[in-house]
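Worksheet: one structure, shown below.
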Amino acid sequence: MHFRAKIIHAEGEAQAAEKLTTAANIMSVYPAAIHLRFLQTLTEVSAENNSKVIVPIPIDLLAAFFQKKEKV
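Going by my numbering, the first residue of the sequence shown is number 13, and it counts up by one from there.
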């Protein structure tokens, strides 16, 4: 790789890091943005690959449903 190509590559990495920092700052202010991005990523993966996607569900979420059912 030539010296000029290394400089261009480094500049691209710096720009990408800056954009990731900006995105992280926005998502920290709007927590729902993280969930929306996750769903968008799942959509993109399912559109590109004809495969199964396993989505983890927090145990705490399931526990709340089981507790409601027992109280009734």
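The beta-carbon is built from N, C-alpha and C at its ideal position, and this holds for glycine as well.
Practice task
Report yes if the C-beta distance between Val65 and Leu54 is below 7 Å; otherwise report no.
Solution key: The residue labelled residue 65 in the question sits at position 53 within the sequence shown. The residue labelled residue 54 in the question sits at position 42 within the sequence shown. Yes; because the gap between Cβ atoms is below 7 Å, this pair is in contact.
Problem - Unbroken stretches of the alpha helix (DSSP H), 4 residues or longer, contained in the stretch 23–76 - result: 43–60
Practice task
Leaving out five residues on either side along the sequence, give the residues of the same chain with a beta carbon under 6 Å from the beta carbon of Ala45.
Solution key: To locate residue 45, count along the sequence shown from 1; it is residue 33. Cβ neighbours of Ala45 beyond the five flanking positions: Met39.
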